[in-house]
Amino acid sequence: MQFKQELQIFKVFNKFVPKLKGKWPIIILLLNIFLPGVGTLVAGCVTSKKKKVKFCIIFGLLQMLLSVVLIGWLWSIFWGVFIYKRSTGLGKFVPDVNV
204 MQFKQELQIF KVFNKFVPKL KGKWPIIILL LNIFLPGVGT LVAGCVTSKK KKVKFCIIFG
264 LLQMLLSVVL IGWLWSIFWG VFIYKRSTGL GKFVPDVNV
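Count along the sequence shown from 1, add 203, and you get the number used in this note's numbering.
Below you can see the structure in the form of structure tokens.
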């Protein structure tokens, strides 16, 4: 049951979350935990899908601005975990969707 739910979540957010290679997913996760929004901005810079860059920049800036009221920091951690799972776990098998 959890497999289907997680797969469904990946399908919904697929057009926004970049799939990264190598050590980048863990670096992005750590950056998003300790410097909210910075990891998302870096993910936009290193992704091979140029259409996802604008989403990463917008989301990264919003995470930075909203981290003052804690919402951005929580969102940043969630987004870092999601990028990590998208790049290394079950999500890497979900094909990219054109934006």
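For glycine and all other residues, C-beta sits at the position ideal for the given N, C-alpha and C.
Check, Outcome
"How about Leu233 and Ile286: do their beta carbons lie closer than 8 angstroms?", "no"
"As an exercise, report each continuous alpha helix (DSSP H) stretch of at least 4 residues that is fully enclosed by the region 214-252, in chain order.", "227-237, 241-249"
"Can you give the beta carbon distance from Val249 to Trp227, rounded, assuming they're within the 8 angstroms contact cut?", "6 angstroms"
"If you draw a straight line from the C-alpha of Leu244 to the C-alpha of Phe262, how long is it?", "8 angstroms"
"From Lys254, Gly240, Trp282, pick the residue whose C-alpha is nearest to that of Leu265; which is it?", "Gly240"
"In three-state DSSP terms, what is Gly275?", "helix"
"Mind checking whether Trp282 and Asn235 have CB atoms under 8 angstroms apart?", "yes"
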